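J.: For reference, each letter of the sequence shown is one residue, going 15 to 744 in this note's numbering. For each residue, glycine too, the CB sits at the ideal point set by N, CA and C. Model, not experiment: these values are computed from the prediction. Before I ask anything, here is the structure I am working with.
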Amino acid sequence: MPRSGTQLRNLVTQFGLILALEFCGLVFALVLSRVLAARDVGGAELRRISSALARAVDAFVQEELRLIAVAAGVLAAVSFGAHAALAPAGAVLSRLEVAFWAALGLGSGAACGALVARLSARNALGTSLRVLQSAGTSMDAALAAGMRGAGATALFAEVVSVIGLALPFSLLYAMKGGFSAEAPVAADLYIAVAAVSPGFALGACISALIVQRAGSVFHNAGDIAADLAGERDAGLEHDDVKNPAVVADLVGDYVGVAARRAVDLFTSATLTNVTILLVGAALVKQHREAPLAILPVVFLPALVRAFSGVSGAFAVMTVRTDESSDVATGLWRGQVTNALVTLGALFGAAHWLLGNRASHFVLAGAVGIVGLSLSSHIARLRSDKRFPALRDTSEAMRVGDAAAIAQGLSSGLRASALPMLVIGASVGAAALITSRSDVPLSGVVGVVLVLAAVSCTNPYALALGSFGAIVDAARGVGAIAPTASSPEAARRAARLDDAGFAGSAMAQAHLFAVAGLSAVTAAVAVASSNTEAVVNVLHPVVLWCGALGFGVALAYAGDTLRHGVSNARGVTLEVERQLRAFPRERGRTRVPADFSPSYKACLDLSLSGAFRRILPKVFAVVATPLLLLALLRVVLTKAEPALASQGLVALLLVAGVSALALGLAGEGTRVTLAASRRNARPNTPRADVEAALGCDAFADAVGHGAAPAALLAVQACAATTLAAFSLVFP
């Protein structure tokens, strides 16, 4: 048995390695972004378009940042007051110290989320212009520009989630002498620091709720108006410069897809990191007298997570193609590289920390990575015309858009079954494998390790998802600035767009799976820290608490969908107003070639509608678990006090699983309907094209609005529960 001094030195080494790996990822992301930014975006026309789009993006982001600051300020004040009044007074941290660091963590999480949103939106704009310029040179240059720009954003979001959490709380740990204290004192300090860390996750969720809702509503408004009022009713191409909603549609790709996905990843990564800390605290609490013996198990998931930047960087840099090869092949090559580097990191970290006990944990992590990869590719197949889902939806378009939407929705609902089965089997198998080891709470550690291992592949998944939005925007910019791109560049941009669509389908399914697992694992962290929280599913109170979690996911998703449709209607009416003065022929508006639409009117309507009454909805989501906890404590304190903690765990478990199913169903619907629209070629009968446009509008509202909203609402409930649980059940 090594001496305590040696174990403490190993602890410092492991923690230093984690931070070093994350800082390497941050440096790589900044260098990659800087190299891309140094490239010229093209001629005067592209520069003019870039400047106009940048002003629109900045206007949206500024309003977004204002709302995030207001929401974070209010909740930080509430957090400070609650911790100052209710936090258990201990020898390690006073109530005021707990209150200060909890509020600081919440503000830091919100600030980091806002920073990720701003940088991802601006980076997506710059990258799309450079993709268009590089497409004039070669397919490989355009693919490399798109993936490296998207990869820089993904690495930044991932690394900030770790550094933003680690720096303030490691500072607190060091200020209290944790790195030099005796083992029992250091263990108590670790438990106390971990208890205030959920504030960072709550701040991240606050920023994500605002970014997702406002961004998706803005995106839906521009895209639906451009499709329905511009293309279907007026006969203008989706990206026609005469379409009044075309600029709002392009800006929506940056703020409503690229930025939203980046903040989604940041939130999932942050909730995962906090869950790892809390499960580690539960292990240390069980071994308070000899905590050094359990440290290797505590640090294993965190060390595996630290390799996310390395694996993502390797994967992004291996994506290559040529003029004759399938572009998607280069994207899948990067995914295989990502998985192999992650497996290597898992193997090395487990054997370094656990020695001959590593085999169970390596196998569990490998099962999780393979299972999540399979479930993601199952979702991608719905965009393949060789499979029945797409053929059936295309056939239904001959009846009309209502029949096609119903067919696509049924396909999406069926699409959730197999991925859910694969994910559940992978997590269950990992828990079963690790339970055979001699490590305490080994089944819980196995679930957390699976989440850590699959989260290690998040940066490349986000890069794929952002790449789809970037190349779609690049194609749109090329359409409204035809003199800035050659026909060959337009052809390459179209090929990239098709590959990016397939890649984004896989990436979104992966990110949804990780988001759902992070919420479920947060419930596991709550249960592992309190023996009374083991769920009794047969008790009516516990059962209905779980049903409430499902209701929260449904209600918030439905409200986001309603908000998006309402805003889209306003912009659609504005497009129709601008085109109303022109004559119609055979049901189509004849727009003159020299018509200059008012893009600003559509942008202003999209912007004002996107931020309407967001904060009350955000506060309602955050307050739900708090109100439930207060009700359960007041009603059940004397009769059955354990039901309060069990009800919270049930809420998170049912909400997490149901939101994952909703997300996968929504994404399956989006992919099927959007792919059907892509297959509606210009020589397709007009009725089929009009049906395809209606399908695509519904797909955007569900896939970019309702589905991610459900998962974010559940993650916010999980973060709130983790933050409140330490106050009520210390």
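1. For Thr332, does the three-state DSSP call read helix, strand or coil?
2. Let's test the definition: count the other Cβ atoms within 10 Å of the Cβ of Gln76 and tell me whether it reaches 16, buried, or not, exposed.
3. Using a 10 Å radius around the Cβ and a threshold of 16 neighbouring Cβ atoms, would you call Leu643 buried or exposed?
4. Should Ala607 be labelled buried (16 or more other beta-carbon atoms within 10 Å of its own) or exposed?
5. Give the secondary structure of Glu599 by DSSP, where H, G and I count as helix, E and B as strand, and everything else as coil.
6. In three-state terms, what does DSSP make of Gly680?
7. Is Gly530 closer than 8 Å to Leu725 when the C-beta atoms are compared?
8. Taking only the alpha-carbon atoms, compute the straight-line gap between Arg85 and Leu678 and give it to the nearest angstrom.
9. Within 10 angstroms of the Cβ of Arg319, are there 16 or more other Cβ atoms? Answer buried if so, exposed if not.
10. Please confirm if the stretch 201–215 is in contact with the stretch 117–124, defined as three or more CB-CB distances below 8 Å between the two stretches.
11. Which residues in the same chain as Leu706 place their Cβ atom closer than 7 Å to its Cβ, once the five residues preceding and following it in sequence are excluded?
12. Measure the Cβ-Cβ separation of His718 and Asn137 and say whether it is below 8 Å.
13. Among the residues of its own chain, which have a CB less than 6 Å from the CB of Asn257, if the five just before and after it don't count?
14. Under the three-state reduction of DSSP, which class applies to Met411: helix, strand or coil?
15. Using DSSP with H/G/I as helix, E/B as strand and the rest coil, what is Lys256?
16. Compare the C-alpha of His365 against each of Gly326, Pro310, Val255 and Ala90 and name the closest.
17. From what residue to what residue does the alpha helix (DSSP H) around Lys614 run?
18. Quick check on the DSSP output: the alpha helix (DSSP H) that includes Arg627 runs from which residue to which?
19. Does the beta carbon of Ala521 come closer than 8 Å to any beta carbon on chain D?
20. Rounded to whole angstroms, what's the CA-CA distance from Gly39 to Phe328? Just pull it up for me.
21. Determine the DSSP secondary structure at Thr151, reduced to helix, strand or coil.
22. Starting from Lys190, trace the alpha helix (DSSP H) both ways and give me its first and last residue.
23. As a quick exercise: from Ala228, Arg246, Phe564 and Leu465, pick the residue whose alpha carbon is nearest that of Val663.
24. Identify whether Val174 lies in helix, strand or coil by the three-state DSSP scheme.
25. Assuming Glu590 is part of the alpha helix (DSSP H), what are its boundary residues?
26. Using a Cβ-Cβ cut-off of 6 Å (strictly less than) and excluding sequence neighbours within five positions of Gly490, which residues of its own chain qualify?
27. Please classify Asp340 as buried or exposed, where buried requires at least 16 other C-beta atoms within 10 Å of its C-beta.
28. Using three-state DSSP, classify Val41 as helix, strand or coil.
29. To which residues of the same chain is Ile177 closer than 8 Å at the C-beta, ignoring the five residues directly before and after it?
30. Could you tell me which uninterrupted alpha helix (DSSP H) segments, each at least 4 residues in length, are contained entirely in the stretch 194–228, listed from first to last along the chain?
31. So the alpha helix (DSSP H) Val350 belongs to, where does it begin and stop?
32. Around the Cβ of Glu599, are there at least 16 other Cβ atoms within 10 angstroms (buried) or fewer (exposed)?
33. Could you tell me the distance, in whole angstroms, from the CA atom of Ala307 to the CA atom of Asp512?
34. Between which two residues does the alpha helix (DSSP H) carrying Glu78 extend?
35. Using CA atoms only, rank isn't needed, just tell me which of Ala99, Ala131, Leu50 and Val45 is closest to Leu79.
36. Would you mind sorting Ala159 into buried or exposed? The rule is 16 or more other CB atoms within 10 Å of its CB.
T.: This is what the structure gives:
1. coil
2. exposed
3. buried
4. exposed
5. strand
6. helix
7. yes
8. Residue identity differs from the one stated: residue 85 is Ala in this sequence, not Arg. If you take the alpha carbons of Ala85 and Leu678, they lie about 29 Å apart.
9. buried
10. yes
11. The amino acid occupying residue 706 in the given sequence is Ala; Leu does not appear at that position. Only Met411, Ser690, Arg691 and Ala694 meet the Cβ criterion.
12. no
13. Ala240, Gly244 and Leu250
14. coil
15. coil
16. Pro310
17. Tyr613 to Ala624
18. Note, Arg627: premise wrong, no alpha helix (DSSP H); not H, not E.
19. Although the question refers to chain D, the structure presented lacks it and comprises just one protein chain.
20. 11 Å
21. coil
22. Counting along the chain, Lys190 falls outside any alpha helix (DSSP H), and DSSP gives it neither H nor E.
23. Phe564
24. helix
25. Pro554 to Leu593
26. Asp253 and Leu264
27. exposed
28. helix
29. Leu33, Glu36, Phe37 and Leu40
30. 197–210
31. Val341 to Leu368
32. exposed
33. 52 Å
34. Ala58 to Leu100
35. Ala131
36. buried
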